[in-house]
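K.L.:
Counting in the working numbering, the sequence shown runs without a single skipped number right up to 420 at its last residue.
Where a beta carbon is used, it is the ideal one built from N, C-alpha and C, also for glycine.
Fair warning: this is a prediction, and the values are worked out from it, not measured in the lab.
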Amino acid sequence: MSFHILGTGSYVPPTVLTNDDLAQIVDTNDEWISARTGIRRRHVAADETTSEMAAKAAAAALENSGVEPEELDLILCATVSGDYICPNMACLVQRAIGASCPAFDLNGACSAFLLLLETAAAYLSTGRYRKILCVGAEQMSRILDWTDRSTCILFGDGAAGVVLEPGDNYLGSELIFRGSQELLNLPTAVGTFPGSRLEPQHPYVYMNGSEIYKFATRIVPQVIQQLLDKTGTAQTDVKWVICHQANRRIIEAAARRLKDIPAEKFLMNIEDYGNTSAASIPLLLDECNRAGKFQKGDLIVFAAFGGGLSCVASLVRW
Ligand code: ACO
C-alpha cells in the first residue's frame with residue numbers, strides 16, 4: 103500500500119515579468135530566452151514570502167481534497183528559498199493553515215517534490231499516518247543574482263502541493279544521485295567569524311548551464327526508462343509525462359529518446375512560469391488536474407532533476 107492523490111492546489115504571485123521586462127534589467131532579449139528555454143514569462147513575488155505562498159497552495163490543495171487542516175497527520179514541505187532555514191517552511195505552513203500535526207522540510211532542490219512523494223509513500227505504507235500534505239514552494243527571485251543573465255532569466259516563483267491518503271496508486275520510483283556541488287549550488291551564509299579561513303561565498307544560485315543541460319538531456323530519459331523497466335510498464339502504457347519544467351529543449355530531447363511516448367504526452371507550462379524548482383511539478387499537476395485532463399486510471403510519469411545532483415522519476419496511477 104502506498105498512496106492515492108486526494109487533491110491538488112497551487113498559488114502563484116500576481117506580478118508577471120515578461121522576457122521584454124527582463125531585457126530592461128539585463129542584456130538579453132525575448133528571442134534568445136524563448137528559443138533557448140521556451141520561457142516567455144514568470145511570476146515573481148514582490149511582497150509575499152515563500153511560506154505565505156506555500157500556505158495559499160496548501161489551502162487550495164486541502165479544499166480540492168475535501169480535507170480539513172486538523173485532519174492532517176503530517177506536513178512535508180520542500181524549498182531552497184524558504185523564509186528561514188529555521189524554522190522550516192512546513193512549520194510556518196502548519197501555523198498559517200491552522201493545522202497541529204508534525205511538520206518538516208526536505209531539501210532536494212528541483213527533485214524535492216518527488217522526494218516528498220517518496221517519503222509520504224513510505225510513511226503511509228506503514229499505517230503511521232493517514233493524511234499527508236506535501237507542498238513545494240519557491241521564491242527563486244530572492245536567491246538569484248539579477249545581474250547574471252545566464253541564471254536570472256530561467257526561474258520563477260510559486261507554490262503547489264497535494265494531499266495524500268493511503269492507496270495503491272504510487273506504483274514505483276527510481277532515484278539517481280551523484281553528489282557534486284561544482285555544476286549547481288546555492289551557498290549558505292558564512293557568518294562573520296574573524297578566524298574563518300573559508301572563502302566568502304556568493305549567496306546566489308550558481309549554475310554551469312551547458313553542463314547541467316548535458317546532464318539533464320542524458321539522465322531524464324534514462325531515469326524514466328529505468329522506472330518503466332522496474333515497474334514492468336511499456337512506454338505505450340504511459341498516458342502523461344510531467345517533467346520538471348526547467349527548459350523546453352530538455353523535455354523535447356527526453357521525448358525524442360523515449361520514442362514510443364508521443365511528444366504531446368509530455369505536458370508543459372514552462373512558457374508561463376519558468377523554472378519554479380520544487381514547485382514546478384505540482385504546479386503543472388494542479389493546472390492539468392483543474393483543467394480535467396486526467397482520467398481515472400491514467401498512468402502518469404513524473405521526472406525531475408536538479409541540484410545534488412539528482413534525478414528522480416515516479417509512476418503514479420491517477
Ligand atoms: N540572453 C542573451 N544571451 C545570453 C544569455 C541571455 N539571457 N545568457 C547567456 N547568453 C549568451 C552567452 O553569453 C553565450 O554567448 P557567447 O557564445 O558569446 O559566449 C551564448 O548566449 C550561449 O550561452 P550558453 O550558456 O552556451 O547557452 P545555452 O544554449 O547552453 O543555453 C541555458 C543556456 C538556457 C542556461 C541552458 O544551458 C540550459 O537550459 N541549461 C540547463 C539549465 C537547467 O535546466 N537548470 C536547472 C537546474 S536544476 C534547478 O532547477 C535548480
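Taking Trp342 as part of the beta strand (DSSP E), name the residues at either end of that continuous run.
P.N.:
Counting from one through the sequence shown, the residue named residue 342 turns up at place 240. Segment Trp342 to Cys345, the beta strand (DSSP E) holding Trp342.
K.L.:
How about Ser167 and Leu108: are their beta carbons less than 7 Å apart?
P.N.:
Translated into the one-based positions of the sequence shown, residue 167 becomes position 65. Translated into the one-based positions of the sequence shown, residue 108 becomes position 6. Taking 7 Å as the Cβ cut-off, Ser167 and Leu108 qualify as a contacting pair.
K.L.:
Just to confirm before moving on: does the CB-CB distance between Ile352 and Ala393 stay below 7 Å?
P.N.:
Locating residue 352 in the sequence shown gives position 250, counting from the first residue. Locating residue 393 in the sequence shown gives position 291, counting from the first residue. In this structure, Ala393 does not lie closer than 7 Å to Ile352 by Cβ.
K.L.:
Kindly examine ligand 3 and report whether one of its heavy atoms sits closer than 6 Å to the Cβ of Tyr315.
P.N.:
The model depicted lacks ligand 3 and carries ligand 1 instead.
K.L.:
If we call anything under 7 Å between Cβ atoms a contact, is Thr181 one with Ala406?
P.N.:
For the purposes of this step, residue 181 is taken as the residue at position 79 of the sequence shown. For the purposes of this step, residue 406 is taken as the residue at position 304 of the sequence shown. It is not a contact, given that the beta carbons lie outside the stated cut-off.
K.L.:
If we count the other Cβ atoms within 10 Å of its Cβ and call it buried at 16 or more, is Ser112 buried or exposed?
P.N.:
As a position in the sequence shown, residue 112 is number 10, starting the count at 1. It is buried - the Cβ of Ser112 has at least 16 other Cβ atoms within 10 Å.
K.L.:
When you measure from the CB of Thr290 to every non-hydrogen atom of ligand 1, does any distance come out below 6 Å?
P.N.:
Start at 1 with the first residue of the sequence shown, and residue 290 comes out as number 188. It does not: the Cβ of Thr290 is nowhere closer than 6 Å to a heavy atom of ligand 1.
K.L.:
Could you check whether Val118 and Gly260 sit closer than 7 Å to each other, using their CB atoms as the reference points?
P.N.:
To locate residue 260, count along the sequence shown from 1; it is residue 158. To locate residue 118, count along the sequence shown from 1; it is residue 16. Not in contact: Gly260 and Val118 (Cβ atoms no closer than 7 Å).
K.L.:
Since Cys203 is in the beta strand (DSSP E), which residue starts that stretch and which ends it?
P.N.:
Taking the sequence shown and counting its residues from 1, the one referred to as residue 203 is at position 101. Per DSSP, Cys203 belongs to no beta strand (DSSP E) and is neither H nor E.
K.L.:
Kindly list the residues whose CB is nearer than 7 Å to the CB of Ile314, restricted to its own chain and excluding five residues on each side of it in sequence; keep chain order.
P.N.:
Here residue 314 refers to the residue found at position 212 when the sequence shown is read from its first residue. Excluding positions up to five away in sequence, the list reads Leu285 and Leu286.
K.L.:
Exposed or buried, what is His145 when buried is set at 16 or more other beta-carbons lying within 10 Å of its beta-carbon?
P.N.:
Your numbering for residue 145 matches position 43 in the sequence shown. Its Cβ being crowded by 16 or more others within 10 Å, His145 is buried.
K.L.:
Please state whether the Cβ-Cβ distance between Val340 and Leu277 is less than 7 Å.
P.N.:
Taking the first residue of the sequence shown as 1, we reach residue 340 at position 238. Taking the first residue of the sequence shown as 1, we reach residue 277 at position 175. Taking 7 Å as the Cβ cut-off, Val340 and Leu277 do not qualify as a contacting pair.
K.L.:
Which residue wins for smallest C-alpha separation from Arg197, given the options Ala157, Ala224, Ala162 and Thr221?
P.N.:
As a position in the sequence shown, residue 197 is number 95, starting the count at 1. Checking every option, the nearest Cα to that of Arg197 belongs to Ala157.
K.L.:
So for Ala211, helix, strand or coil by DSSP?
P.N.:
Here residue 211 refers to the residue found at position 109 when the sequence shown is read from its first residue. Three-state DSSP puts Ala211 in a helix.
K.L.:
When the distance is taken between beta carbons, is Thr120 closer than 7 Å to Asp388?
P.N.:
One-based indexing of the sequence shown puts residue 388 at position 286. One-based indexing of the sequence shown puts residue 120 at position 18. Contact: no.
K.L.:
What residues in its chain sit with their C-beta under 7 Å from that of Val169, if we drop five residues either side in the sequence?
P.N.:
To locate residue 169, count along the sequence shown from 1; it is residue 67. Closer than 7 Å at Cβ, skipping near neighbours: Leu108, Lys233 and Val265.
K.L.:
Anyone know if the C-beta pair for Gln337 and Ile363 falls short of 7 Å?
P.N.:
As a first step, residue 337 is located in the sequence shown; it is residue number 235 there, counting from the start. As a first step, residue 363 is located in the sequence shown; it is residue number 261 there, counting from the start. Yes, Cβ-Cβ distance for Gln337 and Ile363 is below 7 Å.
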